[in-house]
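Okay, structure first, notes after.
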Amino acid sequence: GAVVSQHPSWVICKSGTSVKIECRSLDFQATTMFWYRQFPKQSLMLMATSNEGSKATYEQGVEKDKFLINHASLTLSTLTVTSAHPEDSSFYICSASGSGGQPQHFGDGTRLSIL
Amino acid sequence: AQKITQTQPGMFVQEKEAVTLDCTYDTSDQSYGLFWYKQPSSGEMIFLIYQGSYDEQNATEGRYSLNFQKARKSANLVISASQLGDSAMYFCAMRELYARNYQLIWGAGTKLIIKP
């Protein structure tokens with residue numbers, strides 16, 4: 025149980041394009057979803073938290089207009105990197121948890137490379 | 018101040034030996050949870066084990082156990098009989114009772130390499 029699917033797993037695109045990453049909880053209702061960014065050989069950096077049906081809560085220093093998060097249902101959240109540039113290249117990983125502070129379960133991550 | 022400290026950036030361990038990965042934490046909350054996750058080179062984060070601050074017994078999950086010493090604020094992960102497949106990054110994380118949205122606070126990680 026507690027499977028989270030993240031898609032795509034790898035994206036290479038040109039500078040200036042927008043990229044959408046999906047995060048789905050397959051067998052449970054994800055009350056809260058988290059989006060992280062991870063630089064090489066570093067720990068996870070929380071970008072934003074989203075609760076179903078509410079606006080996402082962004083961490084300090086994360087541009088809301090750059091990283092659009094939508095959590096329209098209890099099983100799906102999306103992260104859109106708008107007008108991506110090479111400095112946005114990174115590993116992005118989502119996690120989901122059920123109600124009452126259950127453990128976070130992670131997707132497999134998305135490697136984003138902007139040329 | 019660091020809330021989660023993993024003092025070992027990297028470790029080499031011989032296959033079949035036991036290994037202890039250190040984690041110390043800092044919180045003023047009485048109620049909190051401690052987690053360990055494994056991240057192989059492929060990138061996915063795998064939940065290993067959880068310890069609640071009020072749990073009297075140390076958590077165990079198969080070859081993983083958590084050596085919880087509350088007074089010392091340490092939550093070390095012990096892997097018994099290590100295997101080549103255990104080579105990965107290991108992250109310790111904490112969730113405080115009043116954390117917004119039950120957010121996790123992450124340590125810097127320990128890179129574990131198992132030698133054949």
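Order-wise, the sequence lines are chains A and B.
Number 96 in our numbering belongs to position 72 of the first sequence; there are no gaps in the numbering.
Number 59 in our numbering belongs to position 42 of the second sequence; there are no gaps in the numbering.
From the three backbone atoms N, C-alpha and C, an ideal C-beta is built for every residue, glycine too.
For clarity, every value in this text was computed on a predicted model and none was experimentally measured.
Open item on the list: Can you check which of these residues, Ser137/A, Leu139/A, Asp132/A and Ile138/A, is closest to Cys47/A by C-alpha distance?
Closed with: Asp132/A
Task: Residues in the region 97-120 of chain A having any Cβ partner in chain B nearer than 8 Å - done: Phe115, Ile117 and Ser119
Open item on the list: Counting only beta-carbon separations shorter than 9 Å, does Arg135/A have a partner in chain B?
Closed with: Yes, Arg135/A lies at the interface with chain B (some Cβ there is under 9 Å from its Cβ).
Task: Backbone secondary structure at Leu101/B - three-state DSSP - done: helix
Task: Whole-angstrom distance between Gln126/A and Ser97/A, CA atom to CA atom - done: Answer to the nearest angstrom: the Cα atoms are 18 Å apart.
- [ ] Pull out every residue of the region 95-127 of chain B whose Cβ sits closer than 8 Å to any Cβ of chain A, in chain order.
- [x] Phe108, Arg112, Arg117, Asn118, Tyr119, Gln120, Leu121, Trp123, Gly124, Ala125 and Gly126
Open item on the list: If the cut-off is 8 Å on Cβ atoms, which residues from the region 51-62 of chain B count as contacting chain D, listed in chain order?
Closed with: Protein chains A and B are contained in the structure displayed, whereas chain D is not.
- [ ] Report the option in Gln19/B, Ala88/B and Ala98/B whose CA atom is closest to the CA atom of Gln47/B.
- [x] Ranked by how close their Cα comes to the Cα of Gln47/B, the residues Gln19/B, Ala88/B and Ala98/B have Ala88/B in first place.
Task: CA nearest to the CA of Pro133/B, picked from Ser45/B, Gly69/B and Ser104/B - done: Ser104/B
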